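All remarks here apply to the structure that follows.
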Amino acid sequence: MTYLTLEGVRKTFGDMVAVSDFNLSVEPGEFVSFLGPSGCGKTTTLRMVGGFEQPTTGRITLAGEDITHARPASRDVGMVFQSYALFPNMTVAENIGFGLKVKNVDKKEIHTRVDELLGLIGLPEKSRAFPFELSGGQQQRVALARALAIQPKVLLLDEPLSALDAKIRDELRNEIKRIQRSLEITTIYVTHDQEEAMALSDRVVVMSEGEMEQVGKPFEIYNYPSTEFVASFVGRLNRVGAAVIDAGLGTVGFDEAVIATGTKIDKPDGSPVDIMLRPEELELNGSSTNRIPGTIETVFFLGSIVRVIVDAGRIPLTVDIFNERLLDMPSVGDAVEVTFPPHACWVLG
Amino acid sequence: MTIAGPQSGSLTGHGAAGGAVQPTGPGPAPPRRSRLGRLWPWFIVALGVVYFVTPLLGTIRLSLRHNKGTWEAWRLMLGNDQMWPAFGQSIVNGLATILVSLLIIVPTAYWVALKMPRLRPLIEFITLLPFVIPGVVLVLALIRLYSAPPLLLTSTYNSTRVVMICAYAALSFPYMYRSVDNGLRSIDVRSLTEAAQSLGAGWPTIVTKVIFPNIRLAILSGALLTFAIVLGELTIALYMAQRTLAPFMADIVRNKPFEAAALTLIAFSVTWLSLGMISYVTNRAGRRT
Amino acid sequence: MSVAEPVRKNMGGAKRPPFRFRWNWLGVMPFLLFAGALLILPTIVLGARSLTGPDGATTFENYGNMATPVVIDSFRLSIKISLITALVGGMFGFLLAWSMVLGGLPRPVRSLLSTFSGVASNFAGVPLAAAFIATVGRVGLFTILLKAAGFDIYKVGFDLYSFIGISVVYLYFQFPLMVLVITPSIEGLKKEWREASENLGASTYQYWRHIALPVLMPSILGAMILLFGNAFGAHATAFALTGGNLRLATILIGQQISGDVLQNPGLGYAVAMGMVAVMAVSIGIYSILQRRSERWLA
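Chains as they are written, first to last, in the working numbering: chain D, 9 to 357; chain F, 11 to 299; chain Y, 189 to 486.
Next comes the structure, spelled out in structure tokens:
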């Protein structure tokens, strides 16, 4: 049973198509992210669900009700804005309770609910503080509580973490996931950070220039990207321009190296073809069948990962190796072979 | 066209020294409203328009009702042999004021922005003084101070005129300084100067080729507003016995209502023209950046 | 130029020990000297003279003498006019500004209105007085039209040359001033606040009552106080309209310049300083309130 559906939703601003033909069915309690670069239409779509933009065509239904043209107040969705948008003249408690006060809920009940939510977000001592006294992370948590106070059917978050420091972002990310899990609330989350999207979501919708590129679980999006855009936007990607040697066997040639891709290639022998390789599936001087020689150009020590850029003649190859204490750190200038098994190859076009 | 008191410009924090508020971007989006709700703004604006336009209509009507003929008032006014000298004096005063004001404010604003940014609050405070000292109090103070021996600066018409022009320049400080300072801030004058210096430019080059071109607009803005202020100023000119436009007009209003109406319309148009120009000029610049 | 000795002062509140003369100060000398000669010094001299009795001794008696009917009445009148025009000007000016910023009016209309605000806020003094005389003076266009329709506004108590009339005239520059001053604050209302409140179920009325107006209140109050000061210090318009017949505080001082109507120069200076005090307080309160409102709306 789908809870929230978007059918054929389309939004144009004059000649400009912001969102074209968006179709999605969200299950109750599901966490879905809209992921994409700036201007891809993810925020516009979110705002259409929230009622702050009107679709040019299409339908949005929530729990069976058509809410396409309903006013934001009557939609039963809770919105968390990128800039928090806390009311500066009210305390934290008043902010959180505002949605209830507006519905004329009994004062005592408001008090109880607000306390509950303050506990949920971990800020019980800040109930009388004003927004300007809080840090960014705290303000965002209050914004979240405020949206949850009205017990919405769907929670909408518009890039809530992008204005925060990296460390706070991490913490808050876990908080959001925890809260969402415990409340089992259907959530739509907009972000341009693919790590965030994959870490938090049950499903990810990758968007580009108003179009839905792919919808799927994080694992699917990353390991089985269906378009080139998705492959390059989500995770890092090496792109090797090769030439088909034997289409039936699936072998291609890159300079002197012969690469076995393990799949049939739908192109005539001799034609150009691109092979995509994820850095983590490559090794240095490993034992796999495919080997490309090169020289180490740069070594980035990133902590848990060591990122090695290998100059393989025509192109640089990025290789990610797991760090370990006894690792023999590669040095710049070393001659190496980048090795990978056939199944690491993703043949494009 | 006398300014009645504190002028909004400096205190509103607007770039163009109080000339006009320009709708900058699309602005906050107006919320969706019911059909009736959408009418309220129009209704309010209509009320405002009625209030503001009616006196102008009355003036136009009166200027055309001279009993000797429709355009008689205009003919008399434009042919009045006292008006043109008065007008001329006002214009000269205006230009002189602009000159004095620029000569003092521009270097000061640049100096403060560059070398003594912590002094800004003090300077801004001083530029607020013309609002704290009403015109009539200032002219009282100036006369008492400078006409008594040993200063005796007001012994002749022209020497008084010089004092008045200096007073006008002081009155223009809020707008001039605010305008130029905003202009300097928007071009981040410190970084610009340091960049020019690091590339080997000397002071004259920096001032003429880097700074000046970028604040031309701000200067123009401040100058236009100052001009409008001086042209319409009554109180100080009156009590310093200067034969400028405003005292002349005050006389006409009392004795010759029809011509006064014609002159009022001329005055209004000139104000509209100069302030409209400020808006136009700053708007074009806004779109450029 | 000689090098000065250390001066034991704290400039601008900076917590520094005695500062030494710096050549930097030379750059602002022209400005300081000019402002000093034309603004600061005259005021100080005025203040000094207001504290000088007829015999030349320092005394407060001039200020005591301000309690005469002439002075009290003029201040009362000025305050009355200033209060009314500040309140009416503030309220309707706010509505105008709201219409312009949030009213959804088309761009060219807004542009025109805001240019007009700039012009109208400057349109004071003689031309303004003339325009109103031509319209609602005893033989003004409007007066005559209404009389023809059977309605004599002068019979119902309106009189252009009274405090009512002056207030109506003053509004001509008070409305635009309010618009100019309050517009940045209204523009500072984040659209997300409106959206958040809508999202939480609040109606337009509730949004304004609980969020927008409270947030705007410091700005509105500050602006009204500015309007008060503006009207209080105005001279030209009233002068052009009534000559000396309506004795506002500013008119009183003007008359004092041309001739000693108060029979006491010291008193005249005291009245002048009294005006400066009122203006200083109102500008001061405005600045404070403005700074507070910037916290939320900048």
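Every residue gets a Cβ at the ideal spot worked out from N, C-alpha and C, and that includes glycine. No experiment lies behind these values; they were computed from the predicted model shown.
The beta carbon of residue 308/D does not come within 9 angstroms of any beta carbon belonging to chain Y, so the residue lies off that interface. At a beta-carbon threshold of 7 angstroms, none of the residues of chain D lie near residue 370/Y; the nearest stands roughly 17 angstroms away.
Scanning 249/Y, 326/Y, 423/Y and 416/Y for the CA closest to the CA of residue 347/Y turns up 326/Y. For residue 144/D, the enclosing alpha helix (DSSP H) covers residues 144-157. Between the beta-carbon of residue 177/F and that of residue 246/F there is about 6 angstroms, and that keeps the pair under the 8 angstroms contact cut. Around the Cβ of residue 211/Y, a 10 Å sphere holds fewer than 16 other Cβ atoms; the residue is exposed. Neighbours of residue 276/Y in chain F, taken as residues whose beta carbon is under 8 angstroms from its own, are absent, since the nearest beta carbon is some 11 angstroms off. Of the candidates 350/D, 11/D, 40/D and 86/D, 86/D places its Cα closest to the Cα of residue 390/Y. Inter-residue distance for residue 152/F and residue 162/F is about 11 angstroms (C-alpha atoms, whole angstroms).
Our two residues, residue 363/Y and residue 418/Y, have alpha carbons roughly 12 angstroms apart in a direct line. Considered as a whole, the region 164-195 of chain D harbours no complete run of any beta strand (DSSP E) with no fewer than 3 residues. Contact check for residue 110/F against residue 225/F fails: the beta carbons are separated by 9 angstroms or more. For residue 444/Y, the nearest beta carbon of chain F is closer than 9 angstroms to its own beta carbon.
The beta carbon of residue 234/D sits closer than 6 angstroms to those of 222, all from its chain and outside the five residues before and after it, given in chain order. Its Cα nearest to that of residue 353/Y, the residue 273/Y stands out among 441/Y, 410/Y, 273/Y and 383/Y. Contact annotation, residue 100/D with residue 150/D: C-beta distance approximately 5 angstroms; criterion of less than 8 angstroms satisfied. Chain Y has no Cβ within less than 9 angstroms of the Cβ of residue 50/D.
Residue-level contact check: residue 410/Y does not touch chain D, since none of the beta carbons of chain D fall below 9 angstroms from its beta carbon.
A direct Cα-to-Cα measurement between residue 381/Y and residue 484/Y gives close to 12 angstroms. Boundaries of the alpha helix (DSSP H) harbouring residue 223/F: 222-242, taken from the DSSP string.
Beta-bridge partners assigned by DSSP to residue 298/D: 348/D.
Inter-residue distance for residue 96/F and residue 438/Y is about 25 angstroms (C-alpha atoms, whole angstroms).
If one requires a minimum length of 4 residues, the alpha helix (DSSP H) runs lying completely within the region 321-369 of chain Y are 329-336, in chain order. A Cβ-Cβ distance of about 17 angstroms is found for the pair residue 251/D and residue 354/D, leaving them out of contact under the 8 angstroms criterion.
If you draw a straight line from the Cα of residue 195/D to the Cα of residue 403/Y, it comes to about 31 angstroms. Per DSSP, residue 293/D is not a residue of any beta strand (DSSP E), being assigned neither H nor E. Around the C-beta of residue 113/F, fewer than 16 other C-beta atoms lie within 10 Å, and the residue is accordingly described as exposed. Residue 202/D carries a helical assignment under DSSP once its states are collapsed to helix, strand and coil. For residue 91/D, the residues of chain Y that pass the 9 angstroms Cβ criterion are 378 and 380, in the order they occur in the chain. Between residue 241/F and residue 101/F, the CB-CB gap stays under 9 angstroms. Taking one beta carbon from each stretch, the region 259-277 of chain F and the region 70-83 of chain F have 3 or more pairs nearer than 8 angstroms; the two touch. Of all residues in the region 384-398 of chain Y, only 384, 385, 386, 387, 388, 389, 390, 391, 394 and 398 come within less than 8 angstroms of chain D when Cβ atoms are compared, listed by chain position. A distance below 6 angstroms between beta-carbons, with the five flanking residues on each side excluded, links residue 33/D to the following residues of its chain, in chain order: 10 and 13. Taking 9 angstroms as the cut-off, the Cβ atoms of residue 410/Y and residue 481/Y count as close.
Setting aside the 5 residues that flank it on each side, residue 412/Y is surrounded in the same chain by 274 and 278, each with a C-beta closer than 6 angstroms to its C-beta; the list follows chain order. Distance from the CA atom of residue 208/F to the CA atom of residue 189/F, rounded to whole angstroms, is 28 angstroms.
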